[in-house]
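Chemist: Line order of the protein sequences matches chains A and B. Each residue of the first sequence is one higher than the last, beginning at 1 in the working numbering. Each residue of the second sequence is one higher than the last, beginning at 1 in the working numbering. One structure, as structure tokens, below. Some questions next.
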Amino acid sequence: MELDDLKTAWRELDRKLDDNRALNLQVFRELKLDKTRSALRQLAAGPLAELLLNGLGLLLLGSFLADHFETAKYAIPALVLHAAVLLLLAADLRQLVRIARIDWAAPVVQIQRDLAELRAARIRTTQLTLLFAPLLWTPLVIVAAKGLLGFDLYLLGPAYIAWNIAFGLAVIPLGLWAARRLAGRLSPNFLQRLADDVAGRSLATALGHLEEIARFEDER
Amino acid sequence: MHTPRATDSPQDRFQELLERHRRIILKVASTYCRDAEDRRDLTQEISVQLWRSFPRYDEERSFSTWMYRIALNVAISYARGAGHRARHAVPLDESADGPADERAAVPESDPRVQALHRVIDQLDPLNRALALLYLEERSYREIAEVLGITETNVATKIHRLKQRIRTGFAAAEPR
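Structure follows, in structure tokens:
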């Protein structure tokens, strides 16, 4: 078998497409050009939802800060949370701008590189957020207890606060260990994705795609 | 190049172009999706993306090049996307058309088509795009334009692809 045979086989597939003309036309006739549920449009769904959530968080924290700005024991944890939410908000905005700039009619290598980079950036953000979220646990409970219940958590004593900090620190390696154990084994898609993100499995895949693209561009 | 009539609405012009070049979409979809339902979804996904990008299409430029870029970009992203799609993204080991049950009942009998399927199955998404454009007998210049690499690189890659195919065939030949 030679290359010419391969081209003949390709033409044979072409002929079959013609044989099924009626079926193919039906596919295009049923096409709803304004359909809203496009899988590609969902690229922006995640960052957009996070943007709204973080925006809401920023508003609530802003309001809390305005009320307690002169009380350092509340203002400091609220400022820490505020800074974290601001960073997340900036990351979401950056991703949305990059998604909006995607021109699907650009050359394949360029768009695939952009998409792989975008995916890698998104996974890194998720990974960092999930890994460092336990560190924010203590300021979060202090602010939430005061803001939602009007309760001063410091009244429980320094030991309680220290235990909370220790708990936050312990959760990081524990979470990492659990994610590595569970990566590739969970059935609900979103849990699987989270475990893969934390364990670095998704990032490895995205970086693998970037390497594949670089190899493809290599002229040697 | 497309010459629009003054009376055509953008949607009419688009539908006409889509109909004229639908074979490109079908070929791309069948290169990246094995499952009939996925292939249908991908066909729609590509068509919708083409329609969304149509207002930015420069009519001075080749419609097929523009269409190949979008179709391949969408197909590669689709194949690399959700897990359920990835499971089906081992393309072309069935006939490129027809209902799934019909295909299952009549397995591909042409050994050349079977060999073609085997070759394409082994390629990564970008080399699959290159193979598709090569088999469609597009010029090196157009392939370079669609993929965004140099013509020299296209020539090198096609040379390697041919070698790989020959080696693959030689290994598969009965002794």
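Quick reminder that beta carbons are idealized off the backbone N, C-alpha and C, glycines included.
1. May I ask which residues mark the beginning and end of the alpha helix (DSSP H) holding residue 112 of chain A?
2. For residue 80 of chain A, collect the residues of the same chain with a Cβ closer than 8 Å to its Cβ; drop the 5 residues on either side in sequence, then sort them by chain order.
3. Considering residue 62 of chain A, what are the terminal residues of the alpha helix (DSSP H) in which it resides?
4. Thinking C-beta only, is residue 135 of chain B closer than 8 Å to residue 143 of chain B?
5. Please confirm whether residue 147 of chain B and residue 171 of chain A have their CB atoms less than 8 Å apart.
6. Which chain B residues are close to residue 8 of chain A, counting only those with a beta carbon under 8 Å from its beta carbon?
7. Quick one: which chain B residues come within Cβ less than 8 Å of residue 108 of chain A?
8. At a Cβ cut of 9 Å, what residues of the region 45 to 62 of chain B count as close to chain A, listed as they run along the chain?
9. Quick check on residue 8 of chain A: does DSSP put it in helix, strand or coil?
10. Give a yes or no on whether 8 Å exceeds the smallest Cβ distance from residue 201 of chain A to chain B.
11. Give the DSSP-derived three-state secondary structure of residue 102 of chain A in the structure shown.
12. Touch check for the region 87 to 98 of chain A and the region 53 to 62 of chain B: three-plus C-beta pairs under 8 Å?
13. Taking its Cβ as the centre, do 16 or more other Cβ atoms sit within 10 Å of residue 145 of chain B, making it buried, or is it exposed?
14. Just checking my contact of residue 209 of chain A with residue 116 of chain A at CB under 8 Å: how many whole Å lie between their CB atoms?
15. Return the first residue and the last residue of the alpha helix (DSSP H) that residue 43 of chain B is part of.
16. Would you kindly report the start and end of the unbroken alpha helix (DSSP H) that includes residue 12 of chain B?
17. Hey, is the region 119 to 133 of chain B in contact with the region 17 to 37 of chain B, meaning 3+ C-beta pairs nearer than 8 Å?
18. By the three-class DSSP mapping on this structure, what secondary structure does residue 60 of chain B have?
19. Going along chain B in order, which residues have a C-beta closer than 8 Å to the C-beta of residue 5 of chain A?
20. On the DSSP letters alone, give me the boundaries of the alpha helix (DSSP H) that residue 202 of chain A sits inside.
21. Could you tell me whether any Cβ in chain B is nearer than 8 Å to the Cβ of residue 216 of chain A?
22. Give me the residue from A:168, A:196, A:169, A:167 with the minimum Cα distance to residue 181 of chain A.
23. Using a beta-carbon distance cut-off of less than 8 Å, what residues from the region 89 to 108 of chain A approach chain B?
Modeler: Concretely, from the data shown:
1. By 1-based counting over the first sequence, the position of residue 112 of chain A is 112. 108 to 132 is the extent of the alpha helix (DSSP H) around residue 112 of chain A.
2. For the purposes of this step, residue 80 of chain A is identified with residue 80 of the first sequence, where counting begins at 1. So the list reads 136, 139, once near-sequence residues are dropped.
3. Your numbering for residue 62 of chain A matches position 62 in the first sequence. It spans 45 to 68 - the alpha helix (DSSP H) in which residue 62 of chain A sits, taken as one unbroken run.
4. Along the second sequence, read from residue 1 onward, the residue named residue 143 of chain B stands at position 143. Along the second sequence, read from residue 1 onward, the residue named residue 135 of chain B stands at position 135. Not a contact, by the Cβ cut-off of 8 Å.
5. For the purposes of this step, residue 147 of chain B is identified with residue 147 of the second sequence, where counting begins at 1. For the purposes of this step, residue 171 of chain A is identified with residue 171 of the first sequence, where counting begins at 1. Cβ atoms of residue 147 of chain B and residue 171 of chain A: not closer than 8 Å.
6. Locating residue 8 of chain A in the first sequence gives position 8, counting from the first residue. Going along chain B in sequence order, the residues near residue 8 of chain A (Cβ under 8 Å) are 112.
7. Here residue 108 of chain A refers to the residue found at position 108 when the first sequence is read from its first residue. Chain B residues near residue 108 of chain A: 69, 72, 73, 76, 126, 129, 146, 147, 148.
8. 45, 47, 48, 49, 50, 51, 52, 53, 56, 57
9. Here residue 8 of chain A refers to the residue found at position 8 of the first sequence. Looking at residue 8 of chain A - three-state DSSP - the assignment turns out to be helix.
10. By 1-based counting over the first sequence, the position of residue 201 of chain A is 201. Not an interface residue.
11. Start at 1 with the first residue of the first sequence, and residue 102 of chain A comes out as number 102. Three-state result, residue 102 of chain A: coil.
12. Fewer than three beta-carbon pairs drawn from the region 87 to 98 of chain A and the region 53 to 62 of chain B are found closer than 8 Å, and the two stretches are therefore not classed as touching.
13. In the second sequence, residue 145 of chain B corresponds to position 145, counting from 1. Label assigned to residue 145 of chain B: buried.
14. Counted from its first residue, the first sequence places residue 209 of chain A at position 209. Counted from its first residue, the first sequence places residue 116 of chain A at position 116. The Cβ separation is near 4 Å, so the contact holds.
15. Sequence index remark: in the second sequence, residue 43 of chain B carries index 43 (1-based). Start and end: 36 to 53.
16. In the second sequence, the residue the question calls residue 12 of chain B occupies position 12. Per DSSP, residue 12 of chain B belongs to the alpha helix (DSSP H) from 10 to 32.
17. yes
18. On the second sequence, residue 60 of chain B is found 60 positions in, with the first residue counted as 1. Three-state DSSP puts residue 60 of chain B in coil, outside helix and strand.
19. To locate residue 5 of chain A, count along the first sequence from 1; it is residue 5. Result: 112, 115.
20. Counting from one through the first sequence, the residue named residue 202 of chain A turns up at place 202. Counting along the chain, the alpha helix (DSSP H) containing residue 202 of chain A begins and ends at 201 to 217.
21. Taking the first residue of the first sequence as position 1, residue 216 of chain A is located at position 216. Chain B contact via Cβ: present.
22. Translated into the one-based positions of the first sequence, residue 181 of chain A becomes position 181. The shortest C-alpha separation from residue 181 of chain A is found at A:196.
23. Per Cβ criterion, the list reads 103, 104, 105, 106, 107, 108.
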